[in-house]
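Order-wise, the sequence lines are chains V, G and S.
The letter at position 22 of the first sequence is residue 22 when you use our numbering, and the numbering goes up by one with no holes.
To convert, take the position in the second sequence, counting from 1, and add 1000; that gives our numbering.
To convert, take the position in the third sequence, counting from 1, and add 2000; that gives our numbering.
Beneath this line is the structure, given in structure tokens, with notes to follow.
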Amino acid sequence: MKSYRKEVLLNIATHQGFVNITPQIKDCLLESGVMEGFLLINSMHVTSSVFIDDEEEGLYRHYETWLEKLAPVLPAGDYSDEVIGEDIIDSHMKRHLMGREAMVAVTKGRLDLGHWEQIMYGEFDGGRPKRVLVKIIGE
Amino acid sequence: MKSYRKEVLLNIATHQGFVNITPQIKDCLLESGVMEGFLLINSMHVTSSVFIDDEEEGLYRHYETWLEKLAPVLPAGDYSDEVIGEDIIDSHMKRHLMGREAMVAVTKGRLDLGHWEQIMYGEFDGGRPKRVLVKIIGE
Amino acid sequence: MKSYRKEVLLNIATHQGFVNITPQIKDCLLESGVMEGFLLINSMHVTSSVFIDDEEEGLYRHYETWLEKLAPVLPAGDYSDEVIGEDIIDSHMKRHLMGREAMVAVTKGRLDLGHWEQIMYGEFDGGRPKRVLVKIIGE
């Protein structure tokens, strides 16, 4: 059994944003030498997502509006406790709507994805360095 | 280490619909001969879901209404870009609410599921052939 | 290849509630002896969630309000079928918003989590015993 681990580093300048990380993940898989197995990609932060979707700019502009509607920034008065303080409860919520992680099958040394499937990173509290974990187990 | 891969084919006639695919997945597991490991089931499309829930017709009628409320079909005027064009942005959104994939433990050669857990396929852009990937890794 | 399986038992007194189960999962990993691999944690019930988030009491009070807004208890008149009967359709919906399962990488015998990542259990139909499945595969 082979195991491989790498952290992919990201720094999205805007508060919210989406990036296609499939090329970096392909590099990881090649480096791992795994031919058959599973590949896990997860955000190591609680305010960003890894998920699978089409890479289509127009789609992500719609997502931004949609996520803001379902998980709006809370009014200041709703922050009754000092512990959280920061204005990022909506970032946590948006991340749950889009998910933390994706699991991809590895077949014949390749990411076993459908035609339109791309591995995307979704940031909901950007402007600082973030890490994505890539772990591959197989043979 | 054993590895197994199969595509399960589906064709839901309606635009939106839900199907219990547990029987097909059980057949895959039997065919694989894996006794201990993990089984991944994921939609290979970006407008449909694999998730785990009770098989209960009434439940899915409520889901249809609920998903339409949370991720409604966008008015035509909202499609400002020609790239997407098609009326399926809501299908992408619904799929994120229900999820792309499920991971199931394999124990003693069986799907290690709770009493009410069934593996479901959710279609949000039906009327054409779709594929679900089943990948099993273990011994 | 090593495989490990355990059920973690929970009993949340309230209808809805959140509990940090990271300590129990760490014990499982230690007991398994797995150094490199994957660890799956999933609810074995269709009305509760396993997900990863910060452990921060204030956050969960906001989640309760938020989930009730996105997936409210349905009015009695909406239950047209006797098959479901019980007032828990919203519990199913809430569980989908928060997810059924989490996959965690195991690296050097430890849960490979980011600084704020905790493994949380979310209950949406409490007041009775529930089970969480922990399955570990690796070496």
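Every residue gets a Cβ at the ideal spot worked out from N, C-alpha and C, and that includes glycine.
Cα-Cα, which of V:Lys-2, V:Asp-54 and V:Gln-16 is closest to V:Arg-128?
Working through the first sequence from its first residue, we reach residue 128 of chain V at position 128. Closest by alpha carbon: V:Gln-16.
Assigned secondary structure, S:Gly-2138 (DSSP; H/G/I helix, E/B strand, else coil):
Within the third sequence, residue 2138 of chain S is the residue found at index 138, counting from 1. Strand, per DSSP.
C-alpha distance - G:Val-1046 paired with S:Met-2120, whole-angstrom precision
For the purposes of this step, residue 1046 of chain G is identified with residue 46 of the second sequence, where counting begins at 1. For the purposes of this step, residue 2120 of chain S is identified with residue 120 of the third sequence, where counting begins at 1. Taking the straight line from one Cα to the other gives about 28 Å.
At a CB-CB cut-off below 8 Å, which residues of chain S make contact with V:Leu-70?
As a first step, residue 70 of chain V is located in the first sequence; it is residue number 70 there, counting from the start. By Cβ distance, chain S contributes Leu-2070.
What are the boundary residues of the alpha helix (DSSP H) that V:Lys-94 is part of?
For the purposes of this step, residue 94 of chain V is identified with residue 94 of the first sequence, where counting begins at 1. Per DSSP, V:Lys-94 belongs to the alpha helix (DSSP H) from 89–98.
Quick one: what does DSSP say V:Leu-10 is sitting in, helix, strand or coil?
Counting from one through the first sequence, the residue named residue 10 of chain V turns up at place 10. For V:Leu-10, the secondary structure class from DSSP, reduced to helix, strand or coil, is strand.
Which value, in whole angstroms, describes the spacing of the CA atoms of S:Arg-2110 and G:Glu-1123?
For the purposes of this step, residue 2110 of chain S is taken as residue 110 along the third sequence, with counting starting at 1. For the purposes of this step, residue 1123 of chain G is taken as residue 123 along the second sequence, with counting starting at 1. CA-CA distance, S:Arg-2110 to G:Glu-1123, rounds to 38 Å.
Just verifying my parser: in three-state terms, what is the DSSP assignment at V:Ile-25?
The residue given as residue 25 of chain V occupies position 25 in the first sequence. If DSSP states are grouped into helix, strand and coil, V:Ile-25 belongs with the helices.
Pick out whichever of S:Glu-2117, S:Leu-2070, S:Val-2008 and S:Ser-2048 has its Cα sitting closest to the Cα of S:Ile-2025.
Taking the third sequence and counting its residues from 1, one reaches residue 2025 of chain S at position 25. Nearest of S:Glu-2117, S:Leu-2070, S:Val-2008 and S:Ser-2048 to S:Ile-2025, Cα basis: S:Val-2008.
With respect to the alpha helix (DSSP H) encompassing G:Leu-1067, which residues constitute its N-terminal and C-terminal limits?
Within the second sequence, numbered from 1, the residue matching residue 1067 of chain G stands at position 67. Note, G:Leu-1067: alpha helix (DSSP H), 1057–1070.
Who are the near neighbours of G:Pro-1072 in its chain, counting only those whose CB is closer than 7 Å to its CB and skipping five residues on each side?
As a working note, residue 1072 of chain G is residue 72 in the second sequence. Result list for G:Pro-1072: Asp-1090, in chain order.
Could you say which of S:Gly-2114, S:Leu-2029, S:Glu-2031 and S:Gly-2033 lies nearest to S:Ile-2052 if we only look at CA atoms?
Locating residue 2052 of chain S in the third sequence gives position 52, where the first residue counts as 1. Nearest of S:Gly-2114, S:Leu-2029, S:Glu-2031 and S:Gly-2033 to S:Ile-2052, Cα basis: S:Gly-2114.
Can you name the residues of chain V whose CB is closer than 7 Å to the CB of S:Lys-2098?
As a working mapping, residue 2098 of chain S is identified with position 98 in the third sequence. Residue 2098 of chain S is actually Met in this sequence, not Lys. Under the 7 Å cutoff, chain V gives His-96.
Do V:Lys-2 and V:Val-50 count as a contact pair if the criterion is CB distance below 7 Å?
Mapped onto the first sequence, residue 50 of chain V falls at position 50. Mapped onto the first sequence, residue 2 of chain V falls at position 2. Not closer than 7 Å, so no.
Please work out which residues of its chain come closer than 6 Å, Cβ to Cβ, to G:Glu-1057, disregarding the five sequence neighbours upstream and downstream, and give them in chain order.
Your numbering for residue 1057 of chain G matches position 57 in the second sequence. Excluding sequence neighbours, G:Glu-1057 sits near nothing in its chain.
Chain S contact residues for V:Glu-64, given Cβ-Cβ distances below 9 Å:
For the purposes of this step, residue 64 of chain V is taken as the residue at position 64 of the first sequence. Proximity of chain S to V:Glu-64 at the Cβ level (cut-off 9 Å) is not reached, the minimal Cβ distance being about 18 Å.
Should G:Leu-1030 be flagged as near chain V, meaning a C-beta pair shorter than 7 Å?
Here the question's residue 1030 of chain G lines up with position 30 in the second sequence. Taking Cβ atoms only, chain V never reaches closer than 7 Å to G:Leu-1030, which makes this a no.
Give the DSSP bridge partners of S:Arg-2110, in chain order.
Along the third sequence, read from residue 1 onward, the residue named residue 2110 of chain S stands at position 110. For S:Arg-2110, which the question treats as bridged, DSSP gives the partners S:Thr-2107.
Ordered along the chain, which non-local residues of its own chain (more than five positions away) have a Cβ less than 7 Å from that of S:Ala-2105?
Here residue 2105 of chain S corresponds to residue number 105 of the third sequence, with the count starting at 1. Close CB contacts of S:Ala-2105 within its chain, under the 7 Å cut and outside five residues either way in sequence, are with Phe-2038 and Asp-2112 (chain order).
Does DSSP put V:Leu-30 in a helix, a strand or coil?
Walking along the first sequence from the start, residue 30 of chain V turns up at place 30. Three-state DSSP puts V:Leu-30 in a helix.
Taking the alpha-carbon positions, what's the S:Leu-2067 to S:Leu-2097 distance?
On the third sequence, position 67 is the one that residue 2067 of chain S refers to. On the third sequence, position 97 is the one that residue 2097 of chain S refers to. Distance between the alpha carbons of S:Leu-2067 and S:Leu-2097: 8 Å.
Short CB-CB distance (under 7 Å) between V:Ser-3 and chain S
Translated into positions along the first sequence, residue 3 of chain V becomes position 3. Yes, V:Ser-3 counts as interfacial toward chain S.
Pull up the CB-CB distance for V:Ser-43 and V:Arg-5, whole angstroms please, since I reckon it's below 8 Å.
Position 43 of the first sequence, counting from 1, holds the residue named residue 43 of chain V. Position 5 of the first sequence, counting from 1, holds the residue named residue 5 of chain V. At roughly 15 Å, the Cβ-Cβ gap does not stay under 8 Å, so V:Ser-43 and V:Arg-5 are not in contact.
Is V:Gln-118 helix, strand or coil when you go by DSSP?
Here residue 118 of chain V corresponds to residue number 118 of the first sequence, with the count starting at 1. In this structure, V:Gln-118 counts as strand in the three-state DSSP scheme.
Quick one: is the Cβ of V:Glu-64 within less than 6 Å of any heavy atom of the ligand ATP?
This structure does not include the ligand ATP; it has no bound ligands of any sort.
Looking at chain G, which residues of the region 41–54 of chain V have a Cβ within less than 9 Å of any of its Cβ atoms?
Listed by position along the chain: Phe-51, Ile-52, Asp-53 and Asp-54.
Between V:Gly-126 and G:Ile-1137, how many whole angstroms is the CB-CB distance? I'm expecting something under 8 Å.
Your numbering for residue 126 of chain V matches position 126 in the first sequence. Your numbering for residue 1137 of chain G matches position 137 in the second sequence. At roughly 35 Å, the Cβ-Cβ gap does not stay under 8 Å, so V:Gly-126 and G:Ile-1137 are not in contact.
For G:Glu-1036, I'd like the list of residues in its chain whose CB is within less than 7 Å of its CB, leaving aside the five on either flank, ordered along the chain.
The residue labelled residue 1036 of chain G in the question sits at position 36 within the second sequence. Taken in chain order, the residues that qualify are Val-1106, Thr-1107, Gly-1138 and Glu-1139.
Can you tell which of S:His-2062, S:Leu-2074 and S:Pro-2075 has the C-alpha that lies nearest to the C-alpha of V:Pro-75?
Counting from 1 along the first sequence, the entry for residue 75 of chain V is found at position 75. In this structure, S:His-2062 is the residue among S:His-2062, S:Leu-2074 and S:Pro-2075 with its C-alpha nearest to the C-alpha of V:Pro-75.
6 Å Cβ shell around V:Val-19 - same chain, five flanking residues per side excluded:
Residue mapping note: residue 19 of chain V aligns to position 19 of the first sequence, counting from 1. Only Tyr-121 meet the Cβ criterion.
For the region 107–119 of chain V, which residues have a beta carbon sitting closer than 7 Å to at least one beta carbon of chain G?
Of all residues in the region 107–119 of chain V, Thr-107, Asp-112, Gly-114, Trp-116 and Glu-117 have a Cβ within less than 7 Å of some Cβ in chain G.
Compute the Euclidean distance between the alpha carbons of V:Leu-40 and S:Asn-2011, then round it to the nearest angstrom.
Taking the first residue of the first sequence as position 1, residue 40 of chain V is located at position 40. Taking the first residue of the third sequence as position 1, residue 2011 of chain S is located at position 11. Rounded to whole angstroms, V:Leu-40 and S:Asn-2011 show a C-alpha spacing of 30 Å.
Pop quiz: V:Arg-95 and V:Ser-32 are said to be a contact at Cβ under 8 Å. What is the actual Cβ separation, rounded to whole angstroms?
If you number the first sequence from 1, residue 95 of chain V lands on position 95. If you number the first sequence from 1, residue 32 of chain V lands on position 32. Not quite, the Cβ-Cβ distance comes to about 27 Å (not below 8 Å), so this is no contact.
Where S:Leu-2165 sits in the DSSP three-state scheme
Limits of chain S in this structure are 2001 at one end and 2139 at the other, which puts residue 2165 of chain S out of reach.
Short check: CB of S:Glu-2055 to CB of S:Gln-2118, under 7 Å?
Within the third sequence, residue 2055 of chain S is the residue found at index 55, counting from 1. Within the third sequence, residue 2118 of chain S is the residue found at index 118, counting from 1. Yes, Cβ-Cβ distance for S:Glu-2055 and S:Gln-2118 is below 7 Å.
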